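Everything below concerns the one structure shown next.
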Amino acid sequence: MTRFLRLVGRDLHLALRQGSDASIAVMFFVLCVVLFPFGVGPEPNILARIAAGVIWVAALLASLLSLERLFQNDYEDGSLELLSLSTLPMEAVVLAKTLAHWLVTGVPLIVAAPLLAVLLNMNAEGFGILVLTLLVGTPILSLIGSIGAALTLGARRGGVLLSLLILPLYIPVLIFGAGAIDAALNGLTPRPHLLLLGSLLAGALPLAPWASAAALRQAVE
Amino acid sequence: MPVFAGTELTCLRGDRLVFTGLDFRIEPGEALVLLGPNGSGKSSLLRVMAGLLKPLRGQLSWDGVAVTEDPDGHRSRIHYVGHLDAVKPVLSAVENLAFWATLGGAADPRANAHAALDRLGVPHIANVPGRYLSAGQKRRLNLARVIAAPAALWLLDEPTVALDRAAIALFEEIIAEHRAGGGMVAVSTHVDIAMPGARDLHLDDFTPVPHDEDETEHEDVEGEDAA
Chain A
1 MTRFLRLVGR DLHLALRQGS DASIAVMFFV LCVVLFPFGV GPEPNILARI AAGVIWVAAL
61 LASLLSLERL FQNDYEDGSL ELLSLSTLPM EAVVLAKTLA HWLVTGVPLI VAAPLLAVLL
121 NMNAEGFGIL VLTLLVGTPI LSLIGSIGAA LTLGARRGGV LLSLLILPLY IPVLIFGAGA
181 IDAALNGLTP RPHLLLLGSL LAGALPLAPW ASAAALRQAV E
Chain B
1 MPVFAGTELT CLRGDRLVFT GLDFRIEPGE ALVLLGPNGS GKSSLLRVMA GLLKPLRGQL
61 SWDGVAVTED PDGHRSRIHY VGHLDAVKPV LSAVENLAFW ATLGGAADPR ANAHAALDRL
121 GVPHIANVPG RYLSAGQKRR LNLARVIAAP AALWLLDEPT VALDRAAIAL FEEIIAEHRA
181 GGGMVAVSTH VDIAMPGARD LHLDDFTPVP HDEDETEHED VEGEDAA
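Chains A and B, in that order, give the protein sequences.
So for the first sequence, UniProt numbering puts the first residue at 1; every next one is plus one.
So for the second sequence, UniProt numbering puts the first residue at 1; every next one is plus one.
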């Protein structure tokens with residue numbers, strides 16, 4: 001367990017000293033959302049109507065942006081080889097790196113989301129549920145993304161391939177995430193959507209590290 | 001006493017057979033030097049020994065037990081030094097080293113890391129970020145990893161690349177100490193590293209012979225196999 005935490009700590013340390021990855025994801029998120037009022041016009045009712053979907057799609061793309069680097073640096077400098085030879089199971093390595101990725105890129109998105117919701121004139125009733133869906137949803141994005149990052153390791157133009165592999169798998173998360181907010185705004189209960197989102201997280205938590213670990217073992221061979 | 005041995009190992013890279021029918025044996029305190037021209041499979045054999053690469057045929061055993069039956073146990077007793085130095089540019093030398101020492105199971109990783117850097121003659125780089133280290137310093141840092149946490153078997157792939165003479169001499173002493181304490185070493189090299197009593201393994205002896213070769217050549221190779 002200490003080894004697991006040391007790996008998470010090391011990755012956070014690296015991300016914070018390099019600085020760029022974390023801030024790029026959240027800046028991309030903000031810019032992406034800010035573009036919409038320019039595109040669809042400043043009509044408050046229209047913006048309020050599309051706010052949930054826009055914020056969720058932007059969050060999805062922002063999380064995808066930094067995923068390519070998830071294993072890339074460790075793969076290129078030989079660290080991944082050494083990690084695979086350590087007594088820490090490969091699944092734990094994946095989980096630790098994914099957790100660090102989420103803390104660095106997912107959490108800032110959750111913090112920024114309510115501000116953007118104000119910008120898009122979303123009804124204040126939806127703010128709580130927006131944060132809640134992102135809190136459950138963004139870890140799923142990181143987990144599913146880790147599979148794509150592991151599979152495209154060493155491939156040329158891995159980033160493009162990664163998007164093509166992963167975006168279709170993000171669709172259920174998007175549907176239930178945006179659906180929960182819409183339900184809450186229309187006076188319905190968001191509970192079923194949240195439960196489905198929770199079940200996706202419960203499924204991804206053991207399955208994604210397992211699949212990524214298998215892909216990484218292939219990559220270091 | 002534990003013995004690390006491989007029998008009838010065959011390695012396939014892509015669609016090329018690198019070596020076939022290879023046997024080796026390392027006993028405590030012994031060193032095995034892998035020799036052979038470029039592409040003869042020295043690195044592949046070390047990766048097979050480490051468990052990074054699965055052999056097509058044959059098996060590795062530790063003390064008579066197949067390594068495939070206890071992969072976790074095997075990983076805990078090896079140190080592998082490959083061509084890549086695994087040095088993070090934004091972490092200082094001692095932070096880099098302490099992380100690997102923690103994963104290797106050292107009780108006090110930071111103290112071990114400082115001691116290991118001292119031992120390799122580079123205590124002054126302890127607080128220097130990885131990106132400012134020279135190739136030779138990075139290599140010393142990578143080699144310091146093997147003494148920062150204990151492991152019985154060292155697998156070293158061309159450890160002397162980028163090292164100066166003084167560093168090679170230091171490293172020879174470190175290997176001698178490790179062997180005196182019952183440790184095992186397998187090393188591939190193009191440079192002479194002084195290792196008294198080391199056993200040589202010529203990998204070109206195990207290079208597969210293409211099918212269209214004549215029969216005498218074939219027997220020749222098999223004769224060397226047995227020896």
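For each residue, glycine too, the CB sits at the ideal point set by N, CA and C.
Computed from a predicted model, the values in this text were never measured in an experiment.
Inset, instruction - Assuming ALA92/A contacts LEU151/A (C-beta within less than 8 Å), just tell me the rounded distance between them. - result: In the first sequence, counting from the first residue as 1, residue 92/A sits at position 92. In the first sequence, counting from the first residue as 1, residue 151/A sits at position 151. About 19 Å separates the two Cβ atoms, so there is no contact after all.
Inset, instruction - Going by CA-CA distance only, name the one from SER188/B, ALA162/B, GLY197/B, ASP164/B that's closest to ARG179/B. - result: Translated into positions along the second sequence, residue 179/B becomes position 179. Comparing Cα-Cα distances from ARG179/B to each of SER188/B, ALA162/B, GLY197/B, ASP164/B, the minimum goes to GLY197/B.
Legend entry - Whole runs of the alpha helix (DSSP H) within the stretch 155 to 213 of chain B, excluding any shorter than 4 residues: At a cut-off of 4 residues, the continuous stretches assigned as alpha helix (DSSP H) that sit fully inside the stretch 155 to 213 of chain B are 165 to 180.
Inset, instruction - Can you say whether GLN218/A is buried or exposed, counting buried as having 16 or more other CB atoms within 10 angstroms of its CB? - result: In the first sequence, the residue the question calls residue 218/A occupies position 218. That one is exposed.
Inset, instruction - Taking C-beta pairs closer than 7 Å, name the residues in chain A that THR10/B reaches, listed in chain order. - result: Taking the second sequence and counting its residues from 1, one reaches residue 10/B at position 10. Residues of chain A passing the Cβ test: none, with the nearest at roughly 16 Å.
Legend entry - Buried or exposed (CB count within 10 angstroms, at least 16 for buried), ASN38/B: Residue 38/B sits at position 38 when you count from the first residue of the second sequence. With fewer than 16 other Cβ atoms within 10 Å, it is exposed.
Inset, instruction - Starting from the Cα of PRO44/A, find the closest Cα among LEU201/A, LEU205/A, LEU119/A, TYR170/A and give me that residue. - result: Along the first sequence, one-based indexing puts residue 44/A at 44. By alpha-carbon distance to PRO44/A, the top candidate from LEU201/A, LEU205/A, LEU119/A, TYR170/A is LEU119/A.
Inset, instruction - Could you name each continuous alpha helix (DSSP H) segment of 4 residues or more that falls completely within the stretch 131 to 217 of chain A, going from the start of the chain to the end? - result: At a cut-off of 4 residues, the continuous stretches assigned as alpha helix (DSSP H) that sit fully inside the stretch 131 to 217 of chain A are 158 to 185.
Legend entry - Cβ pair count under 8 Å reaching 3, the stretch 102 to 113 of chain B against the stretch 15 to 29 of chain A: Result no; under three Cβ-Cβ pairs closer than 8 Å.
Inset, instruction - Using a Cβ cut-off of 8 Å (strictly closer), state whether LEU84/B contacts chain A. - result: Translated into the one-based positions of the second sequence, residue 84/B becomes position 84. By this cut-off, LEU84/B is an interface position.
Legend entry - Residues bridged to GLY60/B [DSSP beta-bridge criterion]: Taking the first residue of the second sequence as position 1, residue 60/B is located at position 60. Correcting the residue identity first, residue 60/B is Leu in this sequence and not Gly. Bridge pairing for LEU60/B: GLY6/B [DSSP].
Inset, instruction - Take LEU153/A and list the residues in its own chain whose beta-carbon comes closer than 6 Å to its own, dropping the five residues that flank it on each side. - result: One-based indexing of the first sequence puts residue 153/A at position 153. The answer, listed in chain order, is PHE71, TYR75, ALA219.
Inset, instruction - Leaving aside the five residues before and after LEU67/A along the sequence, list all residues of the same chain whose C-beta is less than 6 Å from its C-beta, in chain order. - result: Reading the first sequence from its first residue, position 67 is the one you call residue 67/A. Same-chain partners within the cutoff: GLY145, ALA149.
Legend entry - C-beta neighbour in chain B for SER84/A, strict 8 Å: One-based indexing of the first sequence puts residue 84/A at position 84. Taking 8 Å as the threshold, the shortest C-beta distance from SER84/A to chain B falls below it.
Inset, instruction - Report yes if the CB atom of ILE78/B is closer than 8 Å to the CB atom of LEU85/A, and no otherwise. - result: Indexing the second sequence from 1 puts residue 78/B at position 78. Indexing the first sequence from 1 puts residue 85/A at position 85. Their beta carbons are under 8 Å apart, which means ILE78/B touches LEU85/A by this criterion.
Legend entry - Span separating the alpha-carbon of SER212/A from that of LEU65/A: Along the first sequence, one-based indexing puts residue 212/A at 212. Along the first sequence, one-based indexing puts residue 65/A at 65. Using only the alpha carbons, I get a separation of about 18 Å.
Inset, instruction - Could you tell me whether the Cβ of GLU91/A comes closer than 8 Å to any Cβ of chain B? - result: Walking along the first sequence from the start, residue 91/A turns up at place 91. It does not; no Cβ of chain B falls within 8 Å.
Inset, instruction - Flag this pair as yes or no: are the beta carbons of PRO139/A and ALA22/A separated by less than 8 Å? - result: Start at 1 with the first residue of the first sequence, and residue 139/A comes out as number 139. Start at 1 with the first residue of the first sequence, and residue 22/A comes out as number 22. One thing to note: PRO139/A has its Cβ no nearer than 8 Å to the Cβ of ALA22/A.
Legend entry - Inter-stretch contact (C-beta, 8 Å, three-pair minimum) for the stretch 127 to 139 of chain B and the stretch 76 to 93 of chain B: Flag = yes, the stretch 127 to 139 of chain B and the stretch 76 to 93 of chain B touch.
Inset, instruction - Using 10 angstroms around the beta-carbon of ALA202/A, count the other beta-carbons present and answer buried if the total reaches 16, otherwise exposed. - result: Here residue 202/A refers to the residue found at position 202 of the first sequence. Only exposed fits ALA202/A, as fewer than 16 other CB atoms lie within 10 angstroms of its CB.
Legend entry - ASP15/B - DSSP class collapsed to helix/strand/coil: Translated into positions along the second sequence, residue 15/B becomes position 15. Reduced to three states, the DSSP call for ASP15/B is coil.
Inset, instruction - Could you please give the first and the last residue of the uninterrupted beta strand (DSSP E) stretch that includes ILE78/B? - result: Here residue 78/B corresponds to residue number 78 of the second sequence, with the count starting at 1. For ILE78/B, the uninterrupted beta strand (DSSP E) segment begins and ends at 78 to 81.
Legend entry - Opening and closing residue of the alpha helix (DSSP H) in which LEU7/A lies: For this step, residue 7/A is matched to residue 7 along the first sequence. Residues 2 to 18.
Inset, instruction - State the DSSP-derived secondary structure class of GLY21/B, mapped to helix, strand or coil. - result: For the purposes of this step, residue 21/B is taken as residue 21 along the second sequence, with counting starting at 1. In the structure shown, GLY21/B sits in a strand (DSSP, three-state: E or B).
Inset, instruction - With LEU133/B as the anchor, note down where its alpha helix (DSSP H) starts and where it stops. - result: For this step, residue 133/B is matched to residue 133 along the second sequence. Premise fails: LEU133/B is in no alpha helix (DSSP H) and is neither H nor E.
Legend entry - Per-residue DSSP class, three states only, for LEU83/A: Residue numbering aside, residue 83/A sits at position 83 when the first sequence is read from its first letter. DSSP, reduced to helix, strand and coil, places LEU83/A within a helical segment of the structure shown.
Legend entry - Beta-carbon proximity check, MET184/B vs GLU30/B, cutoff 8 Å: As a working note, residue 184/B is residue 184 in the second sequence. As a working note, residue 30/B is residue 30 in the second sequence. Yes, these two residues count as a Cβ contact at 8 Å.
Legend entry - Per-residue DSSP class, three states only, for VAL220/A: On the first sequence, residue 220/A is found 220 positions in, with the first residue counted as 1. Helix at VAL220/A.
Legend entry - Proximity of LEU34/B and LEU163/B at Cβ, strictly below 8 Å: Mapped onto the second sequence, residue 34/B falls at position 34. Mapped onto the second sequence, residue 163/B falls at position 163. In this structure, LEU163/B does not lie closer than 8 Å to LEU34/B by Cβ.
Legend entry - Straight-line gap, HIS74/B to ALA184/A (C-alpha atoms, nearest Å): Reading the second sequence from its first residue, position 74 is the one you call residue 74/B. Reading the first sequence from its first residue, position 184 is the one you call residue 184/A. Rounded to whole angstroms, the separation of the alpha carbons of ALA184/A and HIS74/B is 54 Å.
Inset, instruction - Check the Cβ-Cβ distances between SER66/A and every residue of chain B, and say whether any is below 8 Å. - result: Position 66 of the first sequence, counting from 1, holds the residue named residue 66/A. It does not: the Cβ of SER66/A has no partner Cβ on chain B nearer than 8 Å.
Inset, instruction - Could you please tell me which residues of the stretch 10 to 22 of chain A, in chain order, have their CB closer than 8 Å to any CB of chain D? - result: You won't find chain D in this structure, because its protein chains are A and B.
Legend entry - C-beta neighbour in chain A for ALA50/B, strict 8 Å: Against the second sequence, residue 50/B aligns to sequence position 50. Yes, ALA50/B counts as interfacial toward chain A.
Inset, instruction - Output yes or no for whether 8 Å exceeds the beta carbon distance between ILE147/A and ILE181/A. - result: Stepping through the first sequence from its first residue, residue 147/A is reached at position 147. Stepping through the first sequence from its first residue, residue 181/A is reached at position 181. Their beta carbons are not under 8 Å apart, which means ILE147/A does not touch ILE181/A by this criterion.
Legend entry - At least three beta-carbon pairs within less than 8 Å, the stretch 2 to 15 of chain B to the stretch 45 to 62 of chain B: As far as the Cβ criterion goes, the stretch 2 to 15 of chain B touches the stretch 45 to 62 of chain B, which means the pair count is three or higher.
Legend entry - Pairwise C-alpha distance: VAL8/A and ILE175/A: Translated into the one-based positions of the first sequence, residue 175/A becomes position 175. Translated into the one-based positions of the first sequence, residue 8/A becomes position 8. ILE175/A and VAL8/A have their alpha carbons spaced roughly 30 Å apart.
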